[in-house]
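Written out below as structure tokens is the structure these notes cover.
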């Protein structure tokens with residue numbers, strides 16, 4: 001007889017990763033085990049009725065045959081060989097129901113000897129009831145026990161991972177960290193080993209299921225044949241050959257099961273040895289290097305979910321990349337769900353709630369962001385590199401013809417300022433002390449046509465004639481200013497994209513406004529006037545027309561960071577600051593009235609060290625449908641900076657007033673102390689004078705004989721005595 005067809009197995013090699021796909025497959029096997037247990041219980045009850053009551057042998061035999069016939073109606077989740085098993089059990093049912101059942105009815109009146117029935121009972125107990133009882137009491141209970149142990153180990157591992165994720169980054173305690181790391185190691189090892197043995201038991205169950213069903217039936221048939229030996233003339237060779245083939249098939253399945261169990265046990269031993277370093281939550285990167293060129297990544301991450309205005313919770317889920325999307329899948333879910341489209345997204349390291357290895361992914365339009373926490377530094381760096389690599393591939397795969405068509409369309413769109421838009425942004429600027437009134441324009445010009453009437457300004461007065469257009473990003477600082485050039489060079493220093501800056505704080509760390517946008521640089525040129533949005537519109541028109549005429553479609557993509565101190569252009573791949581624009585120097589900003597992707601701003605800088613005049617440069621960018629939002633953000637930053645300056649001046653003025661009051665209070669206290677000292681001194685002098693007067697009167701009474709001597713001394717002697725007194 002041929003061996004049984006191949007059986008689906010649980011992948012023991014994937015137990016350490018413990019992905020949701022593996023858990024879903026485990027759920028299918030558990031459902032299959034439950035279905036097997038339910039079916040075996042029914043089959044056991046049917047066979048037990050045969051064993052318990054000989055007088056109900058015919059009904060029990062018929063019930064057994066009925067259950068065998070209904071096997072094909074059973075829905076086993078892993079029923080890969082149902083066709084073979086169905087045909088085999090159908091043939092068993094036919095033999096039992098038609099041949100033996102009817103022959104038993106025909107011969108039952110002749111077989112009255114108790115010894116034959118005793119032998120039948122013994123054979124049924126040994127060959128039929130014992131195998132199915134062993135399968136029911138030992139194998140199925142073992143599955144249930146392993147399931148409970150695995151569930152406990154999984155819960156312990158999740159609790160250990162949660163405690164490890166909450167380790168403080170700023171206040172590290174080596175003792176607590178060692179205890180938590182040891183807890184994670186122990187729980188992960190226990191879960192891995194329990195899961196591997198649980199998988200092995202479930203895989204073995206697929207073989208034991210066949211043995212538990214076929215072996216009792218084989219024993220039942222053999223007992224019946226032995227019971228009916230006296231009627232052997234009614235048995236045919238075809239039935240014996242069928243039973244022989246089934247016996248051979250059962251032995252083949254048993255041998256195949258033994259080989260598979262041996263292979264799985266060897267796999268478990270090899271995986272236990274190889275996986276021992278992986279039980280640590282943060283393995284040594286020298287032994288497990290970081291792969292920075294990945295384009296696919298999967299693993300567990302902690303996701304931050306806001307539960308209130310200031311409160312949040314963290315949820316551990318399985319994340320993976322699929323195409324240009326970031327997907328997540330919780331345990332128990334059949335498939336993953338979309339988290340974010342990582343097409344042209346940005347990713348950076350962040351500090352969040354004193355947790356380690358946190359990073360933030362922001363969508364291309366800035367409307368959606370997710371803060372995630374990796375388990376180890378290796379995963380942390382690999383996730384950041386993978387998302388950067390995917391975003392870079394998607395952007396590089398963009399069709400150049402589409403970019404060219406988009407730029408040409410931008411050049412052909414009308415440039416018409418909106419009064420409401422200008423008033424809106426004028427209201428967001430801080431009031432200037434000496435700002436000349438800005439002239440309004442009503443131009444409706446497009447590419448190839450000029451304005452019919454400008455209210456106060458002409459196009460020549462907006463942009464300097466013969467001004468070259470810069471299509472590459474260059475520093476706005478002049479070479480004549482070494483001091484400022486040095487500052488600009490320092491702003492382009494490399495920042496660490498994977499964690500905290502060494503010991504110095506970022507210059508924008510104290511800013512209360514941090515907004516990041518994805519922009520593409522179109523060009524810049526010097527302008528003569530910087531008090532009206534018309535200069536931005538005219539610069540847009542000239543730059544886009546020049547790009548269309550000269551077929552320049554290459555654009556440099558950057559991240560524009562808006563803070564209360566400055567505007568920064570950051571390289572999305574290296575996180576290096578390309579340009580830094582001080583916010584006070586940004587004197588004008590506007591977006592295209594019809595093409596909302598286009599926006600620009602005017603930067604006012606000093607022309608040279610020896611000159612007092614200023615140079616104005618207009619920078620034009622293209623964004624992802626958020627030009628007006630960027631202008632709003634810049635206006636908000638200038639408002640915040642303006643109010644902060646007012647608060648600072650008010651605070652300094654209040655401090656000066658406090659210092660004056662404190663000085664006056666000290667002078668007053670000093671004056672009071674002087675008056676008190678003078679009063680005390682006067683009181684002492686008066687008391688001394690009274691004491692001297694009393695002493696002088698006593699001497700005159702006692703020493704009356706000296707009166708003549710005093711008179712002889714004259715006026716000088718009296719003055720001397722008075723001075724001594």
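Numbering (the numbering used here), first residue to last: 1 to 725.
A virtual CB, placed ideally from N, CA and C, is assigned to each residue, including glycine.
{"Check": "Residues bridged to residue 582 [DSSP beta-bridge criterion]", "Outcome": "566"}
{"Check": "Residue of 683, 125, 273 minimising C-alpha distance to residue 224", "Outcome": "125"}
{"Check": "Continuous alpha helix (DSSP H) stretch holding residue 731: start and end", "Outcome": "No information on residue 731 is available, as it lies outside the stretch 1 to 725 that the chain covers here."}
{"Check": "Where residue 572 falls, given that 16 or more other Cβ within 10 Å makes a residue buried", "Outcome": "buried"}
{"Check": "Residues bridged to residue 521 (per DSSP)", "Outcome": "556, 621"}
{"Check": "Touch test, the segment 184–199 against the segment 165–176, Cβ-Cβ under 8 Å, three pairs minimum", "Outcome": "no"}
{"Check": "Closest residue to residue 357 among 25, 579, 521, 164 (Cα-Cα distance)", "Outcome": "164"}
{"Check": "Secondary structure of residue 660, DSSP reduced to three states", "Outcome": "helix"}
{"Check": "Inter-residue spacing [alpha-carbon to alpha-carbon] between residue 212 and residue 181", "Outcome": "45 Å"}
{"Check": "Run of the alpha helix (DSSP H) containing residue 335, from where it starts to where it stops", "Outcome": "First-last for residue 335: undefined, no H or E at that position."}
{"Check": "Three-state secondary structure (DSSP) of residue 254", "Outcome": "helix"}
{"Check": "Bounding residues of the beta strand (DSSP E) (the contiguous stretch that carries residue 366)", "Outcome": "First-last for residue 366: undefined, no H or E at that position."}
{"Check": "CB-CB length for residue 578 against residue 627, believed under 8 Å", "Outcome": "About 20 Å separates the two Cβ atoms, so there is no contact after all."}
{"Check": "Per DSSP, the bridge partner or partners of residue 315", "Outcome": "303"}
{"Check": "Distance between residue 23 and residue 10 (C-alpha atoms, nearest Å)", "Outcome": "10 Å"}
{"Check": "For residue 637 and residue 25, the rounded distance between their alpha carbons", "Outcome": "53 Å"}
{"Check": "Residue range of the unbroken beta strand (DSSP E) whose run includes residue 601", "Outcome": "598–606"}
{"Check": "Residue 20 burial status per 10 Å Cβ neighbour count (16 or more: buried)", "Outcome": "buried"}
{"Check": "Per DSSP, cross-strand counterpart(s) of residue 361", "Outcome": "347, 370"}
{"Check": "Close-in-space but distant-in-sequence residues of the same chain around residue 17 (CB under 6 Å, 5 per side omitted)", "Outcome": "none"}
{"Check": "Per-residue DSSP class, three states only, for residue 591", "Outcome": "strand"}
{"Check": "Residue 644 beta carbon less than 8 Å from that of residue 564", "Outcome": "yes"}
{"Check": "Boundaries (first-last residue) of the beta strand (DSSP E) holding residue 329", "Outcome": "325–329"}
{"Check": "Rounded separation between residue 70 and residue 261 - CA only", "Outcome": "30 Å"}
{"Check": "Exposure label - residue 140; buried when at least 16 CB within 10 Å", "Outcome": "buried"}
{"Check": "Cβ-Cβ distance between residue 221 and residue 205 below 8 Å", "Outcome": "no"}
{"Check": "Residue 263 versus residue 208: straight-line alpha-carbon distance, rounded", "Outcome": "17 Å"}
{"Check": "Contact check, residue 622 vs residue 519, beta carbons under 8 Å", "Outcome": "yes"}
{"Check": "Residue span of the alpha helix (DSSP H) that contains residue 292, given as start and end", "Outcome": "Residue 292 -> no alpha helix (DSSP H), and no H or E assigned at all."}
{"Check": "Three CB pairs or more closer than 8 Å across the segment 35–47 and the segment 132–139", "Outcome": "yes"}
{"Check": "The segment 578–591 contacting the segment 534–544, beta-carbon criterion three pairs below 8 Å", "Outcome": "yes"}
{"Check": "Same chain, Cβ closer than 6 Å to residue 329, neighbours up to 5 away in sequence not counted", "Outcome": "20, 318, 336"}
{"Check": "Cβ contact check for the segment 345–359 and the segment 369–388: 3 or more pairs under 8 Å", "Outcome": "yes"}
{"Check": "Check: residue 130 C-beta below 7 Å from any heavy atom of the ligand COA", "Outcome": "The ligand COA is not part of the structure shown, which contains no ligands of any sort."}
{"Check": "Pair within 8 Å by beta-carbon distance, residue 202 and residue 33", "Outcome": "yes"}
{"Check": "Selection from 570, 549, 44 that minimises the alpha carbon distance to residue 473", "Outcome": "570"}
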